[in-house]
Every structure is written in C-alpha cells, then in structure tokens.
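*Asks:* To convert, note that position 13 of the sequence shown is 13 in this note's numbering; the numbers rise steadily by one, no gaps.
Don't be surprised by glycine CBs; every beta carbon is placed ideally from N, CA and C.
Next up is a structure, given as structure tokens.
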Amino acid sequence: MFPVFAESSFSAENMHPLPAAEHFTRSGRLHRQIQGLPDGVQVAVSAAKRGAC
Numbered sequence: 001m002f003p004v005f006a007e008s009s010f011s012a013e014n015m016h017p018l019p020a021a022e023h024f025t026r027s028g029r030l031h032r033q034i035q036g037l038p039d040g041v042q043v044a045v046s047a048a049k050r051g052a053c
C-alpha cells in the first residue's frame, strides 16, 4: 500500500506488499467510509493486523 498520510514518506520502509485483492478490498472500505467528507478534513485511521479484516 502506498503511504497516503501527511506523516508518511514515499520510501521502501513504508511499503507493505499485499495481494491485489486485499489491497483493493482495504482501499475500497476506506474510500466508502470517508466518501462525502469535505476536502481537508482530518481523519484518524487505524490498521487491523493482517488477516483480521
């Protein structure tokens, strides 16, 4: 997954390879949860351990 948050940097240490299906499932869940929020709003995101989703 690409780091998409302000504190993260685009570097190898921040890359976490996932199977494509898992990546799109997680991304889709996040997008559905934040759709409709105004641009610039801050959100808190927590990640479940792999396999817990």
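To which residues of the same chain is Val43 closer than 8 Å at the C-beta, ignoring the five residues directly before and after it?
*Replies:* Here the set comprises Ile34, Leu37.
*Asks:* Report the rounded CA-to-CA distance for Gly40 versus Ala47, giving the unit in angstroms.
*Replies:* Rounded to the nearest angstrom, the two C-alpha atoms are 21 Å apart.
*Asks:* Which residue marks the beginning of the alpha helix (DSSP H) containing Ser27, and which one marks its end?
*Replies:* 20-34 is the span of the alpha helix (DSSP H), which, as asked, contains Ser27.
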